[in-house]
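Reviewing the structure listed below.
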Amino acid sequence: MPVSLAMIAEEAPDGARAKLLQFSHMLQCRECPSWLYQVDMGATTIWERWDSMQPDGTVNSGEMTSFNHYALGAVADWLHRVVGGIENAGSGYDRILFRPRPGGGVSHAKCELESPYGRIASGWQITDGTFSVTVEVPPGAGAELVMPDGTRHTLTNGEHRYACRWAADR
């Protein structure tokens with residue numbers, strides 16, 4: 000991931016909404032170089048270089064053509080933490096901070112990960128001015144949910160559902 004793009008990704012969560020919109024636009028681009036170009040070309044992992052596969056389906060004959068390489072993978076962490084809203088707030092996810100941050104034209108998201116405590120999941124959607132979220136906390140872990148309106152909820156293990164009003168200008 001180019002340094003400038005990583006900086007935008009890190010700035011976006013607490014920075015200006017314009018940065019989140021800019022990064023979201025970069026994520027939604029489908030032309031090479033982009034992450035969705037790789038997805039459209041059939042990728043199930045992140046490639047070492049943007050153009051490891053050519054538009055005609057042939058493999059790039061240049062050096063550094065790996066189809067499973069994390070060099071451009073900082074976006075996966077950003078998607079989990081910012082869009083999905085799952086953050087490690089302790090050691091090995093014994094404490095979880097759920098803080099989904101919608102924006103950039105994204106109206107819904109789901110993400111999950113396996114932690115040492117079990118499955119952690121977050122899914123949210125915006126419908127008719129309402130932000131709805133469902134989160135799953137594994138046994139033995141504690142969590143806090145921060146809603147887009149600032150409301151906070153302390154959570155124990157299990158599935159939890161909450162909703163709040165959503166204003167698109169947040």
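The sequence shown begins at 0 in numbering that gives the first Met the number 0 and counts up one residue at a time.
Glycine residues also receive a C-beta, built at the ideal position from the N, C-alpha and C atoms.
Residue range 34-39 is occupied by the alpha helix (DSSP H) that includes residue 35. Membership of residue 134 in the beta strand (DSSP E) is indicated by the continuous run 129-136. Comparing alpha-carbon positions, the option among 57, 58 and 80 lying closest to residue 92 turns out to be 80.
Residues of the same chain with a CB within less than 6 angstroms of the CB of residue 145, apart from the 5 flanking positions on each side, are 98 and 151 in chain order.
Residue pairing from DSSP leaves residue 90 without any beta-bridge partner.
In the DSSP assignment, residue 52 is bridged to 58.
Taking C-beta atoms as the reference points, residue 83 and residue 108 count as a pair closer than 7 angstroms. For residue 156, the closest C-alpha among the options 164, 165, 137 and 163 is that of 137. In the DSSP assignment, the residues bridged to residue 124 are 107 and 131. Take residue 31, set aside five residues on each side of it, and the residues of its chain with a beta-carbon closer than 8 angstroms to its own are 49, 50 and 54, in chain order.
Here DSSP, grouped into helix, strand and coil, assigns residue 100 to coil. For the options 74, 36 and 142, the alpha carbon positioned closest to that of residue 87 is the one of 142.
Residue environment: residue 62 is assigned as exposed (fewer than 16 neighbouring CB atoms within 10 Å of its CB, all protein chains considered). Sequence-distant partners of residue 65 (beyond 5 residues in either direction) whose C-beta falls short of 6 angstroms from its own C-beta, in its chain, are 47.
Rounded to the nearest whole angstrom, the CA to CA distance from residue 52 to residue 67 is 12 angstroms.
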